[in-house]
Amino acid sequence: MSDTRTLAQMGCVVPAFMTDAEAFAAVALAAVSCDGALGRDEAHALRRLLEFRYPYRESSEAAMGELFDQLLSLLRQEGVDGLISKAIPALSSLQQESALAVAAQLVHSDREVSKEEAAFLEDLACKLDLPSDRARIVIQAISALNRDSLLS
């Protein structure tokens with residue numbers, strides 16, 4: 004018999020549908036987790052990018068901890084693709100565009116974009132309800148913003 008238990012078996016309640024706040028945070032978490040490693044720089048960037056946004060700025064440390072515990076459980080159970088698949092339907096097109104920009108910023112937070120991170124952004128862009136050229140422009144703009152063009 005397997006030692007793996009479902010979230011329901013552990014007493015965790017994972018809603019079938021996410022709120023837009025949960026979904027937005029889920030996309031951000033997926034971005035920092037897509038390469039299989041959650042680095043210190045990425046964790047700090049995740050916190051910084053969310054802490055001044057509504058509704059997270061009005062959430063207590065305990066509420067944010069609870070949100071991320073829930074999302075991390077879902078990530079472990081469903082993987083990055085499963086987390087994204089549950090998150091996208093909860094976001095409007097405008098929210099999806101912002102979530103893509105935040106995800107792109109987060110994959111640049113450790114100053115290196117791995118092949119897995121680049122593939123994640125491409126996959127995310129394809130899944131969103133955005134014109135493909137718009138998604139590409141968002142990713143390119145964030146890439147340009149993070150380029151150290153003065154470095155020789």
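Note that the numbering used here has the sequence shown beginning at 4, numbered continuously upward. Note that CB positions come from ideal geometry on N, CA and C, so glycine has one too.
Shown here for Pro58: same chain residues with a beta carbon closer than 6 Å to its own, the five before and five after excluded, namely Ala24 in chain order. DSSP, reduced to helix, strand and coil, places Cys129 within a helical segment of the structure shown.
Within the region 64 to 122, complete beta strand (DSSP E) segments of at least 3 residues are not found at all. Look at Tyr57 here: in three-state DSSP terms it is coil, with no helix or strand label. Taking C-beta atoms under 8 Å as the contact rule, Leu124 and Val110 qualify, at a distance of about 6 Å. Within the same chain, Cβ atoms closer than 7 Å to the Cβ of Leu94 are found at Asp23, Ala26, Phe27 and Ala102, the five residues on either side in sequence being excluded. One Cα belongs to Arg139, the other to Leu74, and the distance between them is close to 27 Å. Here the alpha carbon of Gln98 sits roughly 19 Å from the alpha carbon of Phe71. Rounded to whole angstroms, the gap between the alpha carbons of Met67 and Gln143 is 30 Å. Following the DSSP letters along the chain, one finds Arg137 inside the alpha helix (DSSP H) bounded by residues Ser135 to Asn149. For Ser36, the enclosing alpha helix (DSSP H) covers residues Asp23 to Ser36. With a beta-carbon spacing of about 15 Å, Asp44 and Asp151 fall beyond the 8 Å limit used to define contacts.
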